[in-house]
Amino acid sequence: MIPMEQILSLRSLPETMKYWQLNYAWMNVIGSAFESKCFQVNAHDNRSGTTTTVDTCVYPHFEIFSSNATPTPIPTETPNSSGLLWDFNQNGNPEGWQAWNQLNTFQVKGGILYTKSTGNDPYMGSPKITANASALSRIEIRMKVTAGDTGELYFITKSDGTYDESKVLQFPITVDGEFHTYILDMSKVQKWSGVITQIRLDPTVTQAAIEIDYIHILPALP
Ligand SMILES: [Ca+2]
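Numbering follows my numbering, in which position 58 of the sequence shown is assigned residue number 380; successive positions increment by one, without gaps.
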């Protein structure tokens with residue numbers, strides 16, 4: 323038998339699909355991953371918490387996406403008293419972050435978001451947020467990158483919703499095979515003001531393996 327988790331990991335199945343139309347999503351994943359054959363799988367229903375064994379057969383050219391498995395919209399995230407924290411500590415859940423450019427294998431496992439840069443302009447976007455720029459001006463990123471020399475943190479605001487070179491902080495990265503914590507003082511960037519509505523991380527500027535432990539938006543250092 324093939325554990326449900328293993329099947330889900332064969333494709334980057336959106337987290338919301340695990341809750342929506344579970345059987346449909348699960349059949350689709352099998353169909354895209356195997357040749358025609360029959361076998362048993364464990365199907366875990368996240369809603370009821372129950373696991374059942376099911377006989378199933380799949381066929382080549384099985385429909386890959388379900389048109390009625392509409393993902394639940396991700397709400398805008400607002401800070402709690404600590405700030406905005408993305409820890410990537412739940413397997414399979416990138417917490418609203420998405421690979422936007424030149425990043426593949428975007429996967430959360432064992433407390434780490436794993437991804438791989440395929441070019442010289444890789445970047446990933448946060449979920450929509452509502453963050454008071456003057457209250458939260460420090461960003462901490464703990465990550466391990468295998469190549470490159472520079473990371474970049476872009477952002478947009480309520481009054482300026484375009485990603486451009488006026489709203490970015492560049493920082494040197496260390497590529498020695500270890501995790502490093504980068505502390506970014508966003509108050510150095512003139513346009514870090516008003517309400518921040520989204521951030522974007524360019525973890526490096528070349529092809530590299532990337533592991534991200536966490537991304538935190540925090541109050542300024544005292
Ligand atoms: Ca983590």
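Ideal Cβ positions, reconstructed from N, Cα and C, are used throughout, including at glycine.
Contact between R460 and F501 does not hold, since their C-beta atoms are separated by about 19 Å, which reaches or exceeds 8 Å. A distance of 7 Å or more separates the beta carbons of S439 and Q429. Taken through DSSP and simplified to helix, strand or coil, K510 comes out as helix. Per DSSP, reduced to three states, the secondary structure at E487 is coil, with no helix or strand assignment. Per DSSP, the continuous beta strand (DSSP E) segment holding P541 begins and ends at A530 to P541. Note on geometry: alpha-carbon atoms of F410 and G433 lie some 5 Å from one another.
The alpha-carbon of E487 is positioned some 24 Å away from that of T437.
For V430, the three-state secondary structure derived from DSSP is strand. Remark: C-beta atoms of V490 and I532 do not approach each other more closely than 7 Å. Separation of the CB atoms of Q529 and G441 is rounded to 7 Å, and the pair is thereby assigned contact status at 8 Å. Put simply, the backbone Cα of E474 is about 18 Å away from that of L407. The secondary-structure analysis by DSSP pairs I451 across a beta bridge with E399. The residue from I478, L523 and V527 with its alpha-carbon nearest to that of H538 is L523. A distance below 6 Å between beta-carbons, with the five flanking residues on each side excluded, links Y504 to the following residues of its chain, in chain order: I463 and F493. V527 and G470 have their C-alpha atoms spaced approximately 6 Å apart.
Set against 6 Å, the gap from the CB of F410 to the closest heavy atom of ligand 1 is smaller.
Counted as a single uninterrupted DSSP element, the beta strand (DSSP E) harbouring D524 occupies residues V517 to D524. Looking at the DSSP output, P494 bridges to T472. By the criterion of a C-beta distance shorter than 6 Å, S515 is surrounded in its chain by A455, once the five residues flanking it on both sides are discounted.
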